[in-house]
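Colleague:
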Amino acid sequence: MKIISYNAKNFRQIEYMKMLPESVKQEIEIVAKVLPFKANNYVIDYLIDWSNYETDPCYILTFPNRHMLPEEDYNKVKWAVEKGLPEHEITKIANEIRLSLNPHPAQQQSNIPQLNGTPLPGVQHKYRDIALFFPTQGQTCHANCTFCFRWPQFVKDLDLQFSMKEIDQVCEYFKQHEHLHELLFTGGDPMIMSPRTISKYIDTIFKADLKNLTTIRFGTKSLTWWPFVFLPQYNDEAQEMLDLFKRIVDKGIHLSIMAHFNHYQEMSNSAVAEAIENIRATGAEIRTQSPLLNNINASADIWAKMWDQQVNMGMVPYYMFIERETGPYEYFQVPLAKAYEIYTDAIRVTSSLAKTVTAPSMSAAKGKAQVMGIIENPLNGEKYFQIQYIRHRDYNQSYKPFLMHYDEKATWIDQLKPVELQLQNQ
Ligand code: SF4
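Letter 160 of the sequence shown, counting from 1, is numbered 268 in the working numbering, and no numbers are missing.
1. What separation, rounded to the nearest whole angstrom, lies between the Cα atoms of K184 and A379?
2. For T244 and S208, which I take to be in contact (beta-carbon distance under 8 Å), what is that distance rounded to the nearest angstrom?
3. Are the CB atoms of I498 and T466 within a distance shorter than 8 Å?
4. I'd like the span of the beta strand (DSSP E) that includes L291, first residue to last.
5. So does H368 have its beta carbon nearer than 7 Å to some heavy atom of ligand 1?
6. Give me the Cα-Cα distance between S364 and T323, rounded to the nearest whole angstrom.
7. Below 8 Å, how does it come out for the segment 190–200 and the segment 445–454: are there three or more Cβ pairs, yes or no?
8. Exposed or buried, which one is Q534 when buried takes at least 16 other CB atoms within 10 Å?
9. Measure the C-alpha to C-alpha separation of E280 and I313 and round it to an integer number of angstroms.
10. Report the three-state DSSP secondary structure of H500 (helix, strand or coil).
11. Look at N407 and H368 and say whether their C-beta atoms are less than 8 Å apart.
12. When burial is assigned at 16 or more other CB atoms within 10 Å of the CB, is E180 buried or exposed?
13. Under the criterion of a Cβ to heavy atom distance below 7 Å, does N403 qualify as lining ligand 1?
14. Kindly indicate which three-state DSSP category M423 falls into: helix, strand or coil?
15. From K133 to R120, what distance separates their C-alpha atoms?
16. Going by DSSP, what residues sit across from K476 in a beta bridge?
17. Is it buried or exposed, E374, if we count other Cβ atoms within 10 angstroms and call 16 or more buried?
18. Tell me whether A408 sits in a helix, a strand or coil according to DSSP, three-state version.
19. Which of the three DSSP states is assigned to P227 in this structure?
20. Determine the closest residue to I483 out of Q505, E431, L318, L511, with distance taken between C-alpha atoms.
21. Cβ atoms of E348 and P303: under 8 Å apart, would you say?
22. Sorted by chain position, which residues of the same chain lie with C-beta nearer than 7 Å to H362's C-beta, five sequence neighbours on each side aside?
23. If you check the beta carbons only, do H289 and D358 fall under 8 Å apart?
24. Among the residues of its own chain, which have a CB less than 6 Å from the CB of Y503, if the five just before and after it don't count?
25. Name the two residues that bound the continuous beta strand (DSSP E) containing L511.
26. Let me check you understand the geometry: is the CB of R355 closer than 7 Å to at least one non-hydrogen atom of ligand 1?
27. Is there contact between the segment 165–178 and the segment 136–151, where contact requires at least three CB pairs shorter than 8 Å?
28. When you measure from the CB of C249 to every non-hydrogen atom of ligand 1, does any distance come out below 7 Å?
29. Assuming E433 contacts W333 (C-beta within less than 8 Å), just tell me the rounded distance between them.
30. At the level of alpha carbons, what is the spacing between Q215 and A477?
31. Cutting at 7 Å between CB atoms, please list the residues of its own chain near H500, excluding the five before and the five after it.
32. According to DSSP, is I152 helix, strand or coil?
33. Does the Cβ of C253 lie closer than 7 Å to at least one heavy atom of ligand 1?
34. I'd like the span of the alpha helix (DSSP H) that includes R355, first residue to last.
35. Count the other CB atoms within 10 Å of the CB of P260; is the residue buried (16 or more) or exposed (fewer)?
36. Can you tell me which of the three DSSP states T390 falls into?
The following block contains the structure:
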């Protein structure tokens, strides 16, 4: 199976697109000036239900629409396109809008560590035991998700990308930080890299003989967007990728594939089931994660079905995230109160094995803030969110529940007002 990529320049060639109104295609072109998009033939031919494209989760995950930009910004770009401004002027307008869309939420740039006084531009080290590595060759995806919080990784001219190739420096950093145990290859999608490229990184890690490295993770959406990465009968390089996984496991390193699934529809093809089987046969485990997204999966039924199906297919449900404050955030956001309701309604009806999933969490500046519950004071009817950091920059501050005033509309922790200490001690 050969990958055919589509983007703003050639998406009109897609056969199904010909059935769509011209106005829809123009909207895609306008929004794509600001938010990059990419699709491929597997997503187009096997995942999207074109007869219901307007509400189809895989279509919305793939093609930008006008509601993903604030009205004013959309009109600005539309005006520039219709006026026929030169491309560099449209890009200038687009970049101004991009910078207003909070390209690096949660102060990500402050997570870049230093090795002997020099910054490591392709590493983030926020939590005590894990470092994120952004390999240069993995800073794109098989198909971009419209909600992606990593969208600046795909906008070359903004110069906001995290990336580096020098894994030897990362190894040295590991040696200097004995509490580090896990290395997460992330992106973009590291599974976009050839097995040969990933092998070079892994061989350097093996050679460095890092006594404190116990786990390697790969964050990827390849199981969803391009499962052929793991199917030797369709892809000449797939066996090499599976062999690489086995080499990591045989080395005594725990290998975890962090798979992005946003909707159970993404698991409907037998290619996904087969890819999962092949990965698990190497000894690697697969954990699943997704943000809760309005217009995609904002319903308890969808999550319950998705988690149960993941367990049945041999995966471990891991994280339900709150959508980050970046990019087309307003289109996808779900208020915290609603998110908690969806989570509890879903988790109540899943099988026990699906209850491994962590309640809705915000990847905020201080750490991963989990909404643990909504509490009502029986004396005065006042409501509160109970929250805790399950990960915190200062690990001593994790797993300490605290209360914040309830706000039905709040979508992020910094919109909540803290409860006075006095009240908490009562
Ligand atoms: S797979 Fe992940 S990094 Fe890639 S576009 Fe989707 S959300 Fe972004």
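For each residue, glycine too, the CB sits at the ideal point set by N, CA and C.
Modeller: On the basis of the coordinates in this document:
1. Take the alpha-carbon of K184 and the one of A379: they are about 42 Å apart.
2. About 27 Å; that fails the 8 Å criterion.
3. Pairing T466 with I498 gives a Cβ-Cβ distance under 8 Å.
4. Boundaries of the beta strand (DSSP E) around L291: 290–293.
5. Yes, Cβ of H368 sits closer than 7 Å to a heavy atom of ligand 1.
6. Those two C-alpha atoms are separated by around 7 Å.
7. Touching, no, given that fewer than three Cβ pairs across the two stretches are closer than 8 Å.
8. The predicted model places Q534 with a pLDDT of 49, which falls under 50 and marks its position as unreliable, so this point remains unresolved.
9. When rounded, the distance between both Cα atoms is 10 Å.
10. In the three-state scheme derived from DSSP, where H, G and I count as helix and E and B as strand, H500 is classed as strand.
11. In the sequence under discussion, the amino acid at residue 407 is Ser, which differs from the Asn named in the question. For S407 and H368, no; Cβs fall outside 8 Å.
12. Per the 10 Å Cβ criterion, exposed.
13. The answer is no for N403.
14. Looking at M423 - three-state DSSP - the assignment turns out to be coil, as it is neither helix nor strand.
15. Taken atom to atom, the span from the alpha-carbon of K133 to that of R120 is near 8 Å.
16. S471, R499.
17. Buried, since its Cβ has 16 or more Cβ neighbours within 10 Å.
18. In the structure shown, A408 sits in a helix (DSSP, three-state: H, G or I).
19. When DSSP states are grouped into helix, strand and coil, P227 belongs to the strand group.
20. Relative to the Cα of I483, the nearest Cα in the group Q505, E431, L318, L511 belongs to L511.
21. Yes, they are a contact pair.
22. Leaving aside the five residues that flank H362 on each side, the residues in its chain whose CB is nearer than 7 Å to its CB run, in chain order, T322, T323.
23. Taking 8 Å as the Cβ cut-off, H289 and D358 do not qualify as a contacting pair.
24. Cβ within range, chain order: R236.
25. For L511, the enclosing beta strand (DSSP E) has its first and last residue at 510–513.
26. Of the heavy atoms belonging to ligand 1, none sits nearer than 7 Å to the Cβ of R355.
27. Judged by pairs of C-beta atoms under 8 Å, the segment 165–178 touches the segment 136–151, as three or more such pairs exist.
28. Yes; taking the cut-off as 7 Å, the Cβ of C249 has a heavy atom of ligand 1 nearer than that.
29. At roughly 24 Å, the Cβ-Cβ gap does not stay under 8 Å, so E433 and W333 are not in contact.
30. The alpha-carbon separation between Q215 and A477 amounts to approximately 15 Å.
31. The answer, listed in chain order, is K474, G475, S506.
32. In this structure, I152 counts as helix in the three-state DSSP scheme.
33. With a cutoff of 7 Å, C253 counts as near ligand 1, since its C-beta is closer than that to a heavy atom of the ligand.
34. It spans 346–358 - the alpha helix (DSSP H) in which R355 sits, taken as one unbroken run.
35. P260 counts as buried, since at least 16 other C-beta atoms from the protein chains shown sit within 10 angstroms of its C-beta.
36. The three-state secondary structure of T390, taken from DSSP, is coil.
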